[in-house]
Amino acid sequence: MKLLAVEGSASRVSLALFEGGRLAGGRELVVDRRNSQALFDAAADLVAGAGWTFGDIEVFAAGRGPGSYMGLRMSMTAVRGWALPRERTVWAVSSAAALAAEVLSEQPEREQVVVWGPSRKGIVWAGCFERDGMTRVRQVGGWQLLAEGELDKGWPGVPWVEPGRVPGAEWVGRLFLAGQAGEALEPIYLHPAVAIPPRFDAEGRPLA
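Everything in the sequence shown is counted per the working numbering, starting at 7 for the first residue and increasing by one.
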């Protein structure tokens, strides 16, 4: 089976190819509104470099957050666009679960880890995950929104993922291959939407 996994919940977007359960290639890049085409170009280069076409890909897996609104929308739109013409299946995986699984694979002495996201207005989102077999993880309880000064109230005694670690497409793919997929293909947003002040009145006149 040929698989393309995409992860876009952070400032760095990543792609990973798997064939027969083995990693066959990967790519990481920074994408923003000004260069969204870069994701499509990187995917095309990665697929061609493996000697594949998009028609060869049998299944797609996408991280669904929590994380960047723009990155998640961009990556999910892309993966739907690649899958739809050939009626391929797209599976969704929690991006936070992918990062937790990666961290726990590196630290076998740990059973649990807290994954968290950047602060917005002094509030951090976080979730606790524990091992569920060799590769899979499961979430312990629900998500929490915590003030920066109250992080110790979340899960006392459970280590947090170190700052700077972000989910990657490789572990989105690995969780899919381990059977941990099938979530709704909709982004997980935990921070409230950012309110943008209106620039024009009801008649289209600029506001002072």
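Where is the CB? At the ideal position from N, CA and C, for every residue including glycine.
Remember, it's a predicted structure, so these values are computed and weren't measured experimentally.
With a floor of 3 residues, list each beta strand (DSSP E) that falls wholly inside the segment 44-126, ordered by position along the chain.
Runs found: 65-69, 95-99 and 118-122.
Close Cβ partners of Gly148 (< 8 Å) along its chain, the five nearest in sequence each way excluded
Gly133
So, with DSSP's three-state summary, where would you put Gly31? strand
If contacts are defined as beta-carbon pairs under 8 Å, then Gly27 and Leu183 qualify, I think. What distance do you get, rounded to the angstrom? 6 Å
Fill in: Inter-residue CB distance, Leu152 and Leu196 (contact presumed, cutoff 8 Å)
That belief does not hold up - the Cβ atoms of Leu152 and Leu196 are roughly 11 Å apart, past 8 Å.
Subject >> Inter-residue spacing [alpha-carbon to alpha-carbon] between Val19 and Arg126 >> reply: Approximately 20 Å, taken between the alpha carbons.
Integer-rounded CB distance, given that Arg79 should sit under 8 Å from Ser101: Not really, about 13 Å apart at Cβ, beyond 8 Å.
Exercise for the section: Please confirm if the segment 153-163 is in contact with the segment 30-50, defined as three or more CB-CB distances below 8 Å between the two stretches. Expected result: no
- Query: Do Arg215 and Met76 have their C-beta atoms within less than 8 Å of each other?
  - Reply: The structure shown does not extend to residue 215, since the chain is modelled only from 7 to 214, so the question has no answer here.
Just checking, does the segment 29-39 make contact with the segment 137-144 on the three C-beta pairs under 8 Å criterion? no
For this session: Quick one: grab the DSSP three-state call for Ala175.
Result: helix
Which same chain residues end up closer than 6 Å to Asp138 when comparing Cβ atoms and leaving out the 5 residues on each side of it in sequence? Arg144
* Does any heavy atom of the ligand MN sit closer than 7 Å to the C-beta of Pro124? -> Because no ligand of any kind appears in the structure shown, any question about the ligand MN cannot be addressed here.
Please name the residue in Val167, Val130 and Glu117 whose C-alpha comes closest to that of Glu154. Val130
I need the straight-line Cα distance from Val109 to Ala54, nearest angstrom please.
30 Å
Between Val8 and the rest of its own chain, which residues show a CB-CB distance below 6 Å, the 5 nearest in sequence each way excluded? Here residue 8 is Lys; the residue named in the question, Val, does not match the sequence. Answer for Lys8: Glu25, Asp62, Ile63 and Glu64, listed in chain order.
Go ahead and pull the three-state DSSP assignment for Val19. strand
field: Closest Cα partner of Ala104 within the set Ala89, Ala84, Thr95 and Gln186
entry: Sorting Ala89, Ala84, Thr95 and Gln186 by C-alpha distance to the C-alpha of Ala104 places Gln186 at the top.
Check: By Cβ distance, which residues of its chain are closer than 6 Å to Val178, with the 5 residues on each side in sequence left out?
Finding: Ala11, Glu13, Ala67, Gly69, Val99 and Ala104
- Boundaries (first-last residue) of the beta strand (DSSP E) holding Lys8: Lys8 to Glu13
Just reading off the beta strand (DSSP E) that Val167 is part of, what are its end residues? Element bounds for Val167: n/a, residue is neither H nor E.
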